[in-house]
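Just remember that this note's numbering sits 444 ahead of the position in the sequence shown, which is counted from 1. Where a beta carbon is used, it is the ideal one built from N, C-alpha and C, also for glycine. One structure is given below, encoded as structure tokens.
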Amino acid sequence: MAIPTDLRTRKRLATRQNISNVATRLFFERGFDHVTVDEIAAAADVGRMTVFNYFPRKEDMLFDRDEEAREMLREALRQREAGVAPIEAYRLFAHRLVAEESPAVDFSARSQGFVKTIEGSETLKARVRAIRDEIAQVVAVALSESVGREPTDPDAKLAASLLLATWAVALIQGHMTFRHRQDTKEAKAAFLAVVDKGTIGLKAALAGTPYA
């Protein structure tokens with residue numbers, strides 16, 4: 445993300461990040477459902493309405509990098525090298541995230557806190573499912589645009605749905621591997637193994653289309 449130079453914008457982003465950081469710490473310590481917005485506001489030293497100005501839903505404070513993730517997925521297609529098919533571009537993107545040690549594929553003690561917080565709340569689990577559906581739509585549009593097809597192209601929707609399912613399983617496998625083995629390197633390898641295997645199935649399912 446580009447760093448804004450406008451002082452007011454920087455202050456707003458800093459306030460937003462502080463609220464998210466405070467909320468996340470409280471969620472990790474006490475569980476999402478046992479923390480109120482008033483408690484978050486008090487701990488962040490802001491008013492209740494300030495919290496809602498930045499985060500319309502309480503769960504958004506935990507998923508504060510959602511839009512950044514969507515833009516990364518769009519950019520993965522825009523920046524792919526000539527001759528690289530969209531589905532392969534996403535496989536390479538996963539490997540690049542791991543190589544660059546991106547927070548998006550962090551398998552560590554901190555990420556376990558994030559996962560356990562989600563597992564302990566039906567509200568958060570529902571939001572995860574909704575985010576996955578929303579991102580699938582974003583990816584479907586990005587895929588169709590990348591090959592000059594209509595945004596409603598059914599092949600793009602199929603590819604996006606399969607891709608998100610693959611990545612969801614891969615992330616779960618990575619986190620489970622770390623939980624059981626406490627080995628970040630092994631967890632990342634488990635994540636990539638699922639992505640690579642899933643990509644083979646994606647290419648087979650989309651054979652004969654420009655996505656594969």
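Given a length threshold of 4 residues, each whole run of the alpha helix (DSSP H) inside the region 470–546 is given here in chain order: 481–488, 492–498, 510–522 and 530–543.
Between the region 510–525 and the region 569–583, the count of C-beta pairs closer than 8 Å reaches three or more; the two stretches touch. At least 9 Å separates the beta-carbon of residue 531 from that of residue 495.
Selection 484, 630, 584 and 535 evaluated against residue 504 yields 484 as nearest (Cα-Cα). When the Cα atoms are used, residue 616 and residue 622 turn out to be separated by approximately 10 Å. Here the C-alpha atom of residue 450 lies approximately 35 Å from the C-alpha atom of residue 552. Taking C-alpha positions only, residue 641 is separated from residue 468 by approximately 33 Å.
Taking the C-beta atoms as reference points, residue 610 is found nearer than 9 Å to residue 645. Under the three-state reduction of DSSP, residue 588 is assigned to helix. Between the C-alpha atoms of residue 618 and residue 508 there is a straight-line separation of about 21 Å.
Taking residue 471 as the centre and dropping the five residues before and after it, the same chain places the C-beta of 479, 506 and 561 closer than 7 Å to its C-beta, in chain order. In the DSSP assignment, residue 617 falls within the unbroken alpha helix (DSSP H) covering 598–625. One Cα belongs to residue 635, the other to residue 607, and the distance between them is close to 14 Å.
Counted as a single uninterrupted DSSP element, the alpha helix (DSSP H) harbouring residue 630 occupies residues 628–649. In this model, residue 632 and residue 648 are separated by some 25 Å (Cα to Cα).
Put simply, of 582, 474 and 598 the residue whose alpha carbon is nearest the alpha carbon of residue 518 is 582.
With at least 16 other beta carbons inside 10 angstroms of its own, residue 603 counts as buried. DSSP places residue 558 in the helix class (H, G or I) of the three-state scheme.
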